[in-house]
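Residue numbers (the numbering used here), protein chains in the order written: chain A, 23 to 535; chain B, 10 to 155.
Positions of the beta carbon are idealized from the N, C-alpha and C atoms, including for glycine.
It should be emphasised that the depicted structure is a prediction, and the values quoted were computed from it without experimental measurement.
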Amino acid sequence: MGSRVKIQSGYLGKAAIEVKAGANRDTVKSLLEANKEAGIVALTGLDMAKKIGLMYHMCTNGVIVTIKTEIPKKNPKIATISDLIPGAQFHEREAADLFGVIFEGHPNPARLVLPDDWPENLYPLRKDAKIDEALANAETAPRQTEAVQAESEGDIVNIIIGPQHPALLEPEKFSVKVEGETVKQVEPRIGYVHRGIEKAAEQRTYLQDVYLVERICGICNSCHAACFVETVEKILGTEVPLRAQYLRTIILELNRLHSHMLLLGHAGLEIGYETLFQYMWRDREPVMDLTEQLTGNRVISSAMTVGGIRRDLQETDIPKVKTQITTLKKKMDFYYKLFENEPSFKIRTQNVGVLSKEDALKLSVVGPVARASGIAIDVRKDEPYEAYGEIPFNLITRDEGDSWARLMVRLDEVVESINIIDYALDHMPSGPFRVKVPRVVVAGEAINHVEAPRGELFYYVKSQGTAYPERVKVRTPTFANIPAFINIAEGGNIADVPPSFVSLDPCFSCTDR
Amino acid sequence: MSKLATWARLKSPWVLHFNSGACNGCDIEVIALLTPRYDVERFGIKLEGSPRHADVLLTTGSVTKQCAERLKRIYEQMPEPKFVVAIGACACSGGVFKGNYNVLDGVDKVIPVNVYIPGCPPKPEAIIDGVVKLLNSVKEAKPNGK
Numbered sequence: 023m024g025s026r027v028k029i030q031s032g033y034l035g036k037a038a039i040e041v042k043a044g045a046n047r048d049t050v051k052s053l054l055e056a057n058k059e060a061g062i063v064a065l066t067g068l069d070m071a072k073k074i075g076l077m078y079h080m081c082t083n084g085v086i087v088t089i090k091t092e093i094p095k096k097n098p099k100i101a102t103i104s105d106l107i108p109g110a111q112f113h114e115r116e117a118a119d120l121f122g123v124i125f126e127g128h129p130n131p132a133r134l135v136l137p138d139d140w141p142e143n144l145y146p147l148r149k150d151a152k153i154d155e156a157l158a159n160a161e162t163a164p165r166q167t168e169a170v171q172a173e174s175e176g177d178i179v180n181i182i183i184g185p186q187h188p189a190l191l192e193p194e195k196f197s198v199k200v201e202g203e204t205v206k207q208v209e210p211r212i213g214y215v216h217r218g219i220e221k222a223a224e225q226r227t228y229l230q231d232v233y234l235v236e237r238i239c240g241i242c243n244s245c246h247a248a249c250f251v252e253t254v255e256k257i258l259g260t261e262v263p264l265r266a267q268y269l270r271t272i273i274l275e276l277n278r279l280h281s282h283m284l285l286l287g288h289a290g291l292e293i294g295y296e297t298l299f300q301y302m303w304r305d306r307e308p309v310m311d312l313t314e315q316l317t318g319n320r321v322i323s324s325a326m327t328v329g330g331i332r333r334d335l336q337e338t339d340i341p342k343v344k345t346q347i348t349t350l351k352k353k354m355d356f357y358y359k360l361f362e363n364e365p366s367f368k369i370r371t372q373n374v375g376v377l378s379k380e381d382a383l384k385l386s387v388v389g390p391v392a393r394a395s396g397i398a399i400d401v402r403k404d405e406p407y408e409a410y411g412e413i414p415f416n417l418i419t420r421d422e423g424d425s426w427a428r429l430m431v432r433l434d435e436v437v438e439s440i441n442i443i444d445y446a447l448d449h450m451p452s453g454p455f456r457v458k459v460p461r462v463v464v465a466g467e468a469i470n471h472v473e474a475p476r477g478e479l480f481y482y483v484k485s486q487g488t489a490y491p492e493r494v495k496v497r498t499p500t501f502a503n504i505p506a507f508i509n510i511a512e513g514g515n516i517a518d519v520p521p522s523f524v525s526l527d528p529c530f531s532c533t534d535r
Numbered sequence: 010m011s012k013l014a015t016w017a018r019l020k021s022p023w024v025l026h027f028n029s030g031a032c033n034g035c036d037i038e039v040i041a042l043l044t045p046r047y048d049v050e051r052f053g054i055k056l057e058g059s060p061r062h063a064d065v066l067l068t069t070g071s072v073t074k075q076c077a078e079r080l081k082r083i084y085e086q087m088p089e090p091k092f093v094v095a096i097g098a099c100a101c102s103g104g105v106f107k108g109n110y111n112v113l114d115g116v117d118k119v120i121p122v123n124v125y126i127p128g129c130p131p132k133p134e135a136i137i138d139g140v141v142k143l144l145n146s147v148k149e150a151k152p153n154g155k
């Protein structure tokens with residue numbers, strides 16, 4: 023790497039390495055040589071007036087290392103790293119869409135998040151992009167209609183799933199090419215839920231952004247809010263009171279509980295086992311009640327705020343919460359019996375959609391998907407945040423790597439979450455639950471990651487010393503797990519697509535933002 | 010004959026759910042309606058997968074530009090008479106995403122809407138209330154016209 027490298031410490035992970043534009047590949051290569059299990063977390067683009075900054079946030083042994091580089095805006099070309107780390111493909115396509123960076127040698131530089139009729143050469147996250155003007159002047163005439171291209175070539179039949187499909191809660195399109203019963207190729211078209219939240223976050227104050235980022239995903243909303251406020255607190259240097267950390271932990275675990283139970287029920291629906299769906303969602307309702315009791319809302323909790331939490335826990339609430347979670351824990355025995363013994367459930371999930379450990383590492387997958395393939399990663403253990411450092415809990419892993427293992431990991435985590443809430447309630451410290459923070463955030467930048475129900479959620483925030491952030495970058499867990507779906511589905515049976523798909527717990531409102 | 014059709018429509022409306030760029034918050038509440046605690050099937054409301062069989066379209070989410078075309082197509086595929094319920098602040102007006110570069114600020118910018126249910130997300134009770142209000146308006150309307 024030579025003298026071009028400057029190692030700094032700071033908020034950009036354990037180390038930030040600045041390299042020249044041409045050296046990004048070599049740096050990634052040497053990182054991979056040092057640790058074969060290294061992967062990419064995110065690729066952050068940054069508008070720096072005449073230049074475009076690119077930050078490769080790499081993950082090695084559970085810690086994040088950032089490789090920074092700059093390219094001229096007039097000629098934004100850089101070599102791809104997607105041949106070294108296949109998981110980087112989607113990251114690069116996103117940066118190409120939003121910043122207009124050209125990745126030389128990219129295998130499939132197609133549009134990822136922007137709509138089909140988006141004008142050429144308009145990159146929304148560039149500060150000088152005149153979006154309204156460009157959209158008004160754009161040729162309104164022939165909109166490229168998203169016609170159903172279900173034509174077949176010889177024996178290969180192209181099946182289009184989505185954007186509206188009974189099995190998909192969210193609008194996304196998948197073209198699945200099948201030969202007989204075997205899936206030959208899967209081509210996802212995401213971007214149907216792209217709302218431009220990263221841009222919108224730059225136009226709102228930090229406090230408004232807490233509510234905006236919560237609405238990136240209604241399922242893991244608290245995790246988004248917590249990750250964002252923690253990042254801002256890192257820039258501010260705010261020390262959050264211990265009581266607030268415990269309260270945040272409880273809200274985050276309630277979030278995980280409802281998300282995992284939602285998915286386990288949904289899995290029942292996808293494999294044609296509707297009773298499981300109805301039972302699981304019935305038992306999930308008490309979790310929604312608890313969220314409502316503690317935060318005031320069933321779904322979007324709006325509990326987090328910069329400097330602490332918005333509502334204190336009442337002493338009178340504790341017994342009620344405890345009874346509810348104890349009942350829930352007892353009910354889990356029934357689901358263990360069902361998941362481990364029910365033949366109709368096992369036939370549809372065991373040995374279906376196997377993701378080997380090697381592939382999982384190569385594709386940089388996160389969360390329960392990685393843990394079901396035997397990779398022991400969990401941000402709560404690797405870099406404990408909030409009160410997780412003080413609370414004992416088990417890191418769940420399984421080695422099978424199939425759909426069944428992915429669902430079982432979640433079932434185990436439901437029990438762990440209940441234990442965490444129980445412990446946090448017993449050891450709740452007294453004291454204030456929030457501190458006052460200035461509205462204007464000092465100049466600086468920070469990264470942060472938390473373990474959302476679907477895996478590692480990553481935020482990057484840059485402040486210029488105003489009340490508005492300069493840049494907010496969000497890398498959501500499903501964004502990292504989509505390449506794994508392609509890997510799992512290809513070569514498998516078409517009928518196995520729904521169970522293996524749902525076992526990844528995809529969330530597209532997260533993915534598209 | 011039309012009396013009979015109205016009666017059938019009121020007793021068992023088939024609904025189609027389409028997410029046109031929502032955060033999933035409203036969607037999970039719509040799904041919660043079908044599960045044991047709220048169980049709207051007791052009113053004969055049935056979730057249907059195909060627009061061609063649906064009477065009521067439940068839409069959630071601020072409409073993204075990529076979704077708008079499809080939303081319109083789904084509406085056009087539904088048989089007459091058809092009704093649209095916009096669920097959540099985003100579907101009503103764009104909500105927190107109003108003014109973003111890739112959203113159209115509400116379902117009514119693309120297709121006509123009969124009932125608006127505000128909230129972020131609205132509680133399942135509110136959604137049931139909205140659907141019942143829609144059914145009542147169908148009952149009061151004269152046959153052969155809205």
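A distance below 8 Å between beta-carbons, with the five flanking residues on each side excluded, links A:Val388 to the following residues of its chain, in chain order: Ile399, Arg476, Gly477, Glu478, Pro499, Ala502 and Asn503. Residue environment for A:Arg393: buried (at least 16 other C-beta atoms within 10 angstroms of its C-beta). Collapsing the DSSP output to three states places A:His79 in a strand. For the stretch 213-242 of chain A, the beta-carbon criterion of a distance under 8 Å to any beta-carbon of chain B is satisfied by Gly213, Tyr214, Val215, His216, Arg217, Gly218, Ile219, Lys221, Ala222, Tyr233, Leu234, Arg237, Ile238, Cys239, Gly240 and Ile241. With respect to B:Leu25, B:Glu50 sits apart: the two C-beta atoms are not nearer than 9 Å. Pairwise C-beta distances place the stretch 209-216 of chain A in contact with the stretch 133-144 of chain A, as three or more of them are shorter than 8 Å. Counting only Cβ-Cβ distances below 7 Å, A:Ser531 has contacts in chain B at Ala31, Cys32 and Asn33, in chain order. The beta carbons of A:Glu192 and B:Asp36 sit closer together than 9 Å. Taking the Cα of A:Lys42 as reference, the smallest distance to any Cα among A:Leu65, A:Ala64, A:Leu76 and A:Gly411 is reached at A:Leu76. Per DSSP, reduced to three states, the secondary structure at A:Ser52 is helical. Per the coordinates, the alpha-carbon of A:Asp434 lies some 15 Å from the alpha-carbon of A:Met302.
Non-local C-beta neighbours of A:Met80 in its own chain, meaning closer than 8 Å and more than five positions away in sequence, comprise Val50, Leu53, Ala60, Gly61, Ile62, Val63, Ile86, Val87, Thr88 and Ile89, ordered along the chain.
A check of alpha carbon separations from A:Ser395 across A:Thr419, A:Tyr410 and A:Phe415 identifies A:Thr419 as the nearest.
Around B:Gly30, the same chain offers Gly70, Ser71, Val72, Thr73, Cys76 and Val112 as residues with beta carbons nearer than 7 Å, after the five sequence neighbours per side are excluded. Taking 9 Å as the upper bound on Cβ-Cβ separation, chain B lies near residues Val135, Leu136, Pro137, Asp138 and Asp139 of the stretch 128-139 of chain A. Across the set B:Lys107, B:Lys142, B:Pro121 and B:Lys81, the C-alpha of B:Lys107 shows the shortest separation from the C-alpha of B:Ala98. For A:Pro491, the enclosing beta strand (DSSP E) starts and ends at Pro491 to Arg497.
For B:Ile83, the C-beta contacts it makes with chain A under 7 Å involve Gln186, in order along the chain. Taking 7 Å as the upper bound on Cβ-Cβ separation, chain B lies near no residue of the stretch 485-501 of chain A. Rounded to the nearest whole angstrom, the CA to CA distance from B:Asn123 to B:Ala95 is 8 Å.
Across the stretch 111-128 of chain B, CB contacts with chain A closer than 8 Å involve Asn111 and Val112, in sequence order along the chain. Fully enclosed beta strand (DSSP E) runs of no fewer than 3 residues occupy 466-474, 477-485 and 491-497 of the stretch 438-516 of chain A, in order along the chain. When C-alpha distances from A:Ala427 are compared across A:Ala101, A:Met70, A:Ser378 and A:Lys353, the shortest belongs to A:Ser378.
About 20 Å separates the Cβ atoms of B:Val105 and B:Leu80, ruling out a contact at the 8 Å cut-off. Excluding five sequence positions before and after A:Gly290, the CB atoms of its chain that fall closer than 6 Å to its own CB belong to Leu298 and Phe299, given in chain order. Per the Cβ contact rule, the stretch 339-355 of chain A is not in contact with the stretch 256-265 of chain A (fewer than 3 Cβ pairs under 8 Å). Approximately 6 Å separates the beta-carbon atoms of A:Ala266 and A:Arg456; this is inside 8 Å, confirming the contact. Restricting attention to A:Tyr410, A:Asp424 and A:Pro460, the CA atom closest to the CA of A:Thr227 is found in A:Pro460.
Interface annotation, A:Asp527: not in contact with chain B, CB-CB separation never under 9 Å.
Annotation: Cβ neighbours of A:Glu307 in chain B (cutoff 7 Å, chain order): Arg46. Contact between A:Phe250 and A:Val232 holds: CB atoms are separated by about 6 Å, below the 8 Å threshold. Inclusion of A:Val494 and A:Glu224 in the CB contact set at 9 Å is warranted, their separation being smaller than that value. Cβ-Cβ distances below 7 Å link A:Phe112 to Leu134, Phe501, Ile504 and Pro505 in the same chain, with the five nearest sequence neighbours on each side left out; the list follows chain order. In this structure A:Met283 is buried. Its beta-carbon is surrounded by 16 or more other beta-carbon atoms within 10 angstroms. The count of Cβ pairs closer than 8 Å, one atom from the stretch 10-24 of chain B and one from the stretch 198-211 of chain A, stays below three, leaving the stretches out of contact. When C-beta distances to chain A are compared with 9 Å, the residues of the stretch 92-107 of chain B below that value are Cys99, Gly104, Val105 and Phe106, in chain order.
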